[in-house]
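Here this note's numbering is used: the first residue of the sequence shown is 644, the next is one more, and so on.
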Amino acid sequence: LVRIQDYFKLRNYNPPTAVSDLATQDTMNSYTRHLFYLNKPKILDTVDSFRSYCSETKNIIVLGCYQLGQKGIYLYKVDNPLLSGINQVTAAHEVLHSVYERLSDSDRKKLNSDLQYFYDHELTDTNVKAEVALYIKYEPNSVYDEMSCTFGTELSKLSPALEQYYSKYFTNRLAIYNYYSGYE
Numbered sequence: 644l645v646r647i648q649d650y651f652k653l654r655n656y657n658p659p660t661a662v663s664d665l666a667t668q669d670t671m672n673s674y675t676r677h678l679f680y681l682n683k684p685k686i687l688d689t690v691d692s693f694r695s696y697c698s699e700t701k702n703i704i705v706l707g708c709y710q711l712g713q714k715g716i717y718l719y720k721v722d723n724p725l726l727s728g729i730n731q732v733t734a735a736h737e738v739l740h741s742v743y744e745r746l747s748d749s750d751r752k753k754l755n756s757d758l759q760y761f762y763d764h765e766l767t768d769t770n771v772k773a774e775v776a777l778y779i780k781y782e783p784n785s786v787y788d789e790m791s792c793t794f795g796t797e798l799s800k801l802s803p804a805l806e807q808y809y810s811k812y813f814t815n816r817l818a819i820y821n822y823y824s825g826y827e
């Protein structure tokens with residue numbers, strides 16, 4: 644049923660060049676690109692248009708959002724050269740929400756366990772720890788989902804289990820990290 648729904652949702656969709664460029668720059672494989680396009684990403688260049696889709700979150704900078712149920716990915720267009728690469732990181736982060744939502748219960752449970760272990764025993768990046776702390780405080784029901792998106796885009800070194808997970812969705816995850824580290 645899901646494949647049929649996906650087919651009809653994408654049947655006449657031709658991604659704008661800026662959207663397909665993001666998918667290419669983020670090294671999305673065919674499945675991840677499919678999920679990205681399924682959400683018909685919109686790149687919005689005014690705060691008002693962006694806020695009409697993505698609400699503000701206290702103490703968390705929001706430059707993109709994912710609407711559950713494959714109902715949309717919305718990205719705020721950042722043109723500041725000092726933040727070059729942030730659009731690519733945001734696009735990858737948001738499509739990872741779509742990936743997470745589609746995981747089977749057993750795959751999600753395994754991933755959550757791997758994320759928690761990494762967080763408890765291997766995570767040394769203080770910025771990412773602070774970001775996760777904000778999710779714990781302000782979005783406690785989506786901490787693992789957010790961890791899956793954040794770890795995959797903002798960390799250069801992950802556990803072998805997590806690297807294996809992300810390799811299912813990106814042909815070169817470090818390309819995304821390189822965009823992140825360029826404006827960090």
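Idealized CB from N, CA, C, for every residue including glycine.
Note that the structure is predicted; figures quoted are calculated from it, not measured.
Hey, how far is the Cα of residue 809 from the Cα of residue 692?
Distance between the alpha carbons of residue 809 and residue 692: 31 Å.
Beta-carbon of residue 805 versus every beta-carbon of chain B: anything under 7 Å?
Going by chain labels, chain B is absent from the structure shown, which holds only one protein chain.
Considering Cα atoms alone, identify which of 675, 673 and 709 is closest to residue 686.
Distances from the CA of residue 686 to each of 675, 673 and 709 were compared; the closest alpha carbon is that of 709.
Buried or exposed: where does residue 688 fall if 16 or more other Cβ atoms within 10 Å of its Cβ makes it buried?
Exposed: under 16 other Cβ atoms inside 10 Å.
By DSSP's criteria, residue 820 is part of a beta bridge. Which residues make up the other side?
Under DSSP, residue 820 forms no beta bridge with any residue.
Alpha-carbon to alpha-carbon, residue 771 and residue 673
Going by the C-alpha atoms only, they are around 28 Å apart.
Burial state of residue 773, where buried means 16 or more other Cβ atoms lie within 10 Å:
When all chains shown are included, residue 773 counts as exposed.
Would you mind sorting residue 733 into buried or exposed? The rule is 16 or more other CB atoms within 10 Å of its CB.
Around the C-beta of residue 733, 16 or more other C-beta atoms lie within 10 Å, and the residue is accordingly described as buried.
Compute the beta-carbon to beta-carbon distance between residue 716 and residue 699, rounded to the nearest angstrom, for a pair I have assumed lies under 8 Å.
Not confirmed; about 18 Å, so no contact.
Secondary structure of residue 713, DSSP reduced to three states:
Here residue 713 carries a coil assignment [DSSP, helix/strand/coil].
Sequence-distant residues of its chain with Cβ nearer than 8 Å to residue 670 (five each side left out)
Cβ neighbours of residue 670 beyond the five flanking positions: 813, 814, 815, 816, 818 and 819.
Could you tell me the boundaries of the beta strand (DSSP E) in which residue 805 lies?
Residue 805 -> not in any beta strand (DSSP E); alpha helix (DSSP H) instead, spanning 803-810.
Given a cut-off of 7 Å on the beta-carbon distance, is the pair residue 728 and residue 822 in contact?
A Cβ-Cβ contact shorter than 7 Å links residue 728 with residue 822.
If contacts are defined as beta-carbon pairs under 8 Å, then residue 719 and residue 683 qualify, I think. What distance do you get, rounded to the angstrom?
With 8 Å as the limit, residue 719 and residue 683 do not qualify as a contact, their Cβ atoms being about 16 Å apart.
For residue 792, which of helix, strand or coil comes out of DSSP?
Three-state result, residue 792: helix.
Is residue 795 near residue 746, with beta carbons less than 7 Å apart?
Cβ distance not < 7 Å, so residue 795 and residue 746 don't count as in contact.
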